[in-house]
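Order-wise, the sequence lines are chains A and B.
For the first sequence, the working numbering begins at 10 and goes up steadily by one.
For the second sequence, the working numbering begins at 159 and goes up steadily by one.
Remarks on the structure that follows.
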Amino acid sequence: MRKLTTLFVAIMMILLFTVACSSDDGNNNNASSSDNTDANTENTETISGEITIMGWGGGNELQARKDATDVFRELYPDVKVNEIWLPADSVDQKLDAALAAGDAADVIMMSPDWKGLRSQWLEDLTPYLERDNIDPEEVFTPGADEGYVTPDGVREGLPTTQSTFMIAYNKNIFDDAGVPYPTEDWTWDDFAEIAKQLSSGSGADRTYGMVRHWIQNRFAPFFYGGKPYNEDWTQQHIDDPETIKALELIEDLIKAEALPDDAASESMPMDAMFVSQKAAMYPLGLFEAADLAEKIGDNFEWGVVLPPKDPNGKNVNIKFQTGFAMNKDSENKEAAWAYIKTVSMNKEVNDLYAKVGIPALKESADTTFAEMTIPNTDIKQVEYLRGLEDAEMAPWGGAINKATDIFEQLMEEITTQKSTAKEAVEKYAPLIQEALDEVHQ
Amino acid sequence: MKKKYSSMEKREARQFYMYISPWILGFFIFTLYPVVYSAILVFTDADRTGVGDFIGLQNIINIFQDPLFRKAMLNTFYFVAVSVPLSLLLSVLIAALLNKKNIKGMAIFRTAFYVPFITAGVAVTLLWGWIFNTHYGLLNYALGLFGVDPINWLSSETWAMPAIIIMMSWSIGNTIIITLAGLQDVPEQLYESAEIDGANGFVKFTRITLPMITPTLFFNLVIGVINGFQIFTQPYVLTEGGPNRATYTIMMYIYDSAFKFGEMGYASTMAWILFAIIMILTLIVNYTSKHWVYYE
């Protein structure tokens, strides 16, 4: 028995020792790779070697990423590229595990809405941009490059694709209700009035002014010029009068049944609700525009308009951005930088991206993308491009996931009519503040 | 005196350890090591990488001041308190029916009750989502035939947890099969003796069948309690813990803390508290079993 106990203890010690050593190794790698970074040195040698890239996606978007990698291979035939593409919902865990273990890819797909979540593992790309004399403001589509530089000046990545929202509307329902089509100078008060006018019927036969889309919760704080938190997310602004007023608008629309309540919104998928003409309006992201257009087919006439304006005259919009970052521990930083530069700024690559999102390269966005229409429609994609510059970065997620979860609870109390907007804010604003404080501790 | 092993015995022992080693190593690496490591994490503020500073008992103190932990725990107790007795009751009743002799197609009935248990949890849960649909669901349609107004099964704080319990009651095939095996083990002569003494069906069931299957019920109760406290997939897929956290269980909170909020230390602490609760309840059930479980 004593022998068995000794054996058990010995095995456990070996395991713990192995893990401790591997952890130390990772730290040492971090330190040495940072010390060895000499990005200001002009690289005159041919870029070669091997890199691994890791990203996520599916369908056409993933194909565009793979095609972009093929373009890189043609430009840099001496670099062997290994690709790891994961489904979007499994990226976080696998990436964090790989980063912690010190064997993450050289180039990592990233999003500014990570909000510094993985900053410690990402290389500052500023020296690389300076070395190659690249001015992001000249190169990139206005609004595309926002959020990639941390408040302390570290550039974590370069942009590749962006997506914004338009409000899609069913012209038939507008015509039947005798309501003029919305124009881009409309306000959120106009929106609320129109949504109420378009709503009719009851129970399963109810037609709603607008579907309940997951993006609405993210739009909500901005309706009247408010915001969920300050620039460096140290202070919540959910209890600001502008934000409360915006949440009261949602509350009012639910009560008036211009927006479906929880039971109604769960009765069918939100896109099906718009396609089956049970909702007159739909916040349509670029990423789903082609899919929705195909579902609608010739069933009814529809159009798109920029989301309503806030009191400052700005069309409220949210953007989702995807870029690429470099792993600090990469052993082939030159090839990694070449890959990032190619998939972010190469014209051929950005023209490929135009099929799945707003390309980062201004030249491609203004030409290839702007000339394209949403498939199966004559609606020009350029409308989405116009919304990008003023769009707010997706406000929730990444390092502030806990605050995000609390905000979702706040919204749920409003949409289930458990609390008024004011009551919900009183209850949850301190908790959101607590969650933000935790991030900065 | 120390026993001397022959060379054959030594060779056999070596072969034994060689063949068993993949499982032993697997156990050490994939089970024991994570368990030990999670116990260490209880005393740290480890983030999503599993690395953090030592913070003593702070996680435990925080948990007992955390209203969301209390809410999740209460929801879990509610689920266990209703679903476990209900599943035991239903499994006994259904197993008794499936134990009837001289009924044609009994194998089909037994299979039909077992199939939901082996059907993929997520697929079944999504299917039930449609059954519970307020406007177009089968359940509200059936209730409507009896004049019952549509129930907001999944969007009402009152009905969401009962909806999950109803759904779980549909997939008790395994409990039914175990209970059925218990019923088939009851000696036939006990019933024959009772019949000679004039016992009716109810008396035979309560005085013979139930006492004789108490070991089976005991097993099902323990397994039911252990599984019940770990309910995750169904509320995660069906209601995402809502509405307003009405179906938010402790396993969902552990998952969110670890993988959504990146609080590995906090999540590990909750996991160990859950383990302690399950262990205590299992010991209580085990202790009381001597008063109600009958062994031949």
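Even glycine gets a Cβ: it sits at the ideal position worked out from N, Cα and C.
Interface partners of D271/A on chain B, CB under 7 Å: As a working mapping, residue 271/A is identified with position 262 in the first sequence. By Cβ distance, chain B contributes S313, P401.
CA-to-CA distance, S249/B to Y349/B, given in whole angstroms: Within the second sequence, residue 349/B is the residue found at index 191, counting from 1. Within the second sequence, residue 249/B is the residue found at index 91, counting from 1. Their Cα atoms are separated by approximately 21 Å.
Contacts of T292/B in chain A (Cβ-Cβ under 8 Å): Position 134 of the second sequence holds residue 292/B. The answer, in chain order, is A272, A273, E275, S276.
Residue environment, Q418/A, which counts as buried when at least 16 other CB atoms sit within 10 Å: Within the first sequence, residue 418/A is the residue found at index 409, counting from 1. Buried, since its Cβ has 16 or more Cβ neighbours within 10 Å.
D360/A at chain B interface by Cβ criterion, 7 Å: Numbered from 1 along the first sequence, position 351 holds the residue referred to as residue 360/A. Answer no: the Cβ-Cβ gap between D360/A and chain B never drops below 7 Å.
CA-to-CA distance, V158/A to V209/B, given in whole angstroms: Taking the second sequence and counting its residues from 1, the one referred to as residue 209/B is at position 51. Taking the first sequence and counting its residues from 1, the one referred to as residue 158/A is at position 149. Looking at the two C-alpha atoms, the distance is approximately 26 Å.
Chain D within 7 Å of K168/B, Cβ atoms only: Given the protein chain composition of this structure (A and B), no chain D is represented.
Exposed unless 16 or more other CB atoms sit within 10 angstroms - verdict on S41/A: Here residue 41/A is taken as the residue at index 32 of the first sequence, counted from 1. Caution applies to S41/A, whose pLDDT of 34 falls short of 50 and renders its modelled position unreliable; the value that the coordinates give is listed next. S41/A should be labelled exposed.
Reference F227/B, options T397/B, T407/B, L303/B, closest by Cα: Within the second sequence, residue 227/B is the residue found at index 69, counting from 1. It is T407/B.
Touch test, the segment 429-441 of chain B against the segment 256-267 of chain B, Cβ-Cβ under 8 Å, three pairs minimum: no
C-alpha distance - W223/A paired with S274/A, whole-angstrom precision: Residue mapping note: residue 223/A aligns to position 214 of the first sequence, counting from 1. Residue mapping note: residue 274/A aligns to position 265 of the first sequence, counting from 1. Each residue's alpha carbon lies about 11 Å from the other.
Status (buried if at least 16 other CB within 10 Å, exposed otherwise) for N179/A: Counted from its first residue, the first sequence places residue 179/A at position 170. The residue in question, N179/A, is buried, as its Cβ has 16 or more Cβ neighbours within 10 Å.
Run of the alpha helix (DSSP H) containing L315/A, from where it starts to where it stops: Numbered from its first residue, the first sequence carries residue 315/A at position 306. No alpha helix (DSSP H) contains L315/A, which DSSP labels as neither H nor E.
Continuous beta strand (DSSP E) stretch holding S172/A: start and end: If you number the first sequence from 1, residue 172/A lands on position 163. 167-172 is the span of the beta strand (DSSP E), which, as asked, contains S172/A.
Closer than 7 Å at the beta carbon, the chain A residues around D307/B: Here residue 307/B refers to the residue found at position 149 of the second sequence. Ordered by position in chain A, no residue passes the 7 Å Cβ test against D307/B, which lies about 11 Å from the chain.
L439/B CB to nearest heavy atom of the ligand ATP below 6 Å: This structure lacks the ligand ATP, and indeed carries no ligand of any kind.
Sheet register partners of K89/A (DSSP bridge): Residue numbering aside, residue 89/A sits at position 80 when the first sequence is read from its first letter. Its beta-bridge partners are E59/A.
Environment of D105/A [buried if 16+ CB atoms lie within 10 Å]: Start at 1 with the first residue of the first sequence, and residue 105/A comes out as number 96. With 16 or more Cβ atoms within 10 Å of its Cβ, D105/A is classed as buried.
Neighbour list for N310/B in chain A, Cβ cutoff strictly below 7 Å: By one-based count along the second sequence, residue 310/B stands at place 152. Within 7 Å Cβ-Cβ: A272.
C-beta neighbour in chain B for T386/A, strict 7 Å: Taking the first sequence and counting its residues from 1, the one referred to as residue 386/A is at position 377. No, T386/A does not count as interfacial toward chain B.
Which of helix, strand or coil DSSP assigns to I366/B: Residue numbering aside, residue 366/B sits at position 208 when the second sequence is read from its first letter. Of the three classes helix, strand and coil, the one that applies to I366/B here is helix, per DSSP.
Which of helix, strand or coil DSSP assigns to Y190/A: As a first step, residue 190/A must be located in the first sequence, where it is residue number 181. In the structure shown, Y190/A sits in coil (DSSP, three-state: anything other than H, G, I, E or B).
Span of the alpha helix (DSSP H), counted from its first residue to its last, around Q390/A: Here the question's residue 390/A lines up with position 381 in the first sequence. Here Q390/A belongs to no alpha helix (DSSP H), and DSSP marks it neither H nor E.
C-beta neighbour in chain B for Q102/A, strict 7 Å: In the first sequence, the residue the question calls residue 102/A occupies position 93. Chain B contact via Cβ: present.
P393/B versus I276/B: straight-line alpha-carbon distance, rounded: Counting from 1 along the second sequence, the entry for residue 393/B is found at position 235. Counting from 1 along the second sequence, the entry for residue 276/B is found at position 118. The straight-line gap from Cα to Cα measures roughly 18 Å.
Contact set for I412/B: own chain, Cβ-Cβ below 8 Å, skip 5 residues either direction: For the purposes of this step, residue 412/B is identified with residue 254 of the second sequence, where counting begins at 1. The residues are A425, M428, A429, L432.
Beta-carbon proximity list for T55/A, same chain, < 8 Å, skipping 5 on both sides: The count along the first sequence starts at 1 and reaches residue 55/A at position 46. Cβ neighbours of T55/A beyond the five flanking positions: D87.
Sequence ranges, beta strand (DSSP E) only - wholly within the segment 96-175 of chain A, length at least 3: 116-119, 167-172
Whether I336/B touches S241/B by CB criterion (7 Å): In the second sequence, the residue the question calls residue 336/B occupies position 178. In the second sequence, the residue the question calls residue 241/B occupies position 83. No, the pair does not count as a contact, with Cβ atoms beyond the cut-off.
Neighbour list for K427/A in chain B, Cβ cutoff strictly below 7 Å: Walking along the first sequence from the start, residue 427/A turns up at place 418. Neighbours of K427/A on chain B, chain order: N402.
Which listed residue (E266/A, L84/A, E297/A) has its alpha carbon closest to that of L281/A: On the first sequence, residue 281/A is found 272 positions in, with the first residue counted as 1. The residue asked about is misnamed: residue 281/A is Ala in this sequence, not Leu. Ranking E266/A, L84/A, E297/A by Cα distance to A281/A puts E297/A first.
Reduced DSSP secondary structure (H/G/I, E/B, other) of W195/A: Along the first sequence, one-based indexing puts residue 195/A at 186. Looking at W195/A - three-state DSSP - the assignment turns out to be coil, as it is neither helix nor strand.
When D133/A, P317/A, G407/A are compared against G420/B, the one with the closest alpha-carbon: Your numbering for residue 420/B matches position 262 in the second sequence. The option with the nearest alpha carbon to G420/B is G407/A.
Coarse secondary structure for F188/B, derived from DSSP in three states: Counting from one through the second sequence, the residue named residue 188/B turns up at place 30. Helix.
Within-7 Å CB hit, K418/B to chain A: Counted from its first residue, the second sequence places residue 418/B at position 260. It does; some Cβ of chain A falls within 7 Å.
7 Å Cβ cutoff, T277/B in contact with chain A: Locating residue 277/B in the second sequence gives position 119, counting from the first residue. Taking Cβ atoms only, chain A never reaches closer than 7 Å to T277/B, which makes this a no.
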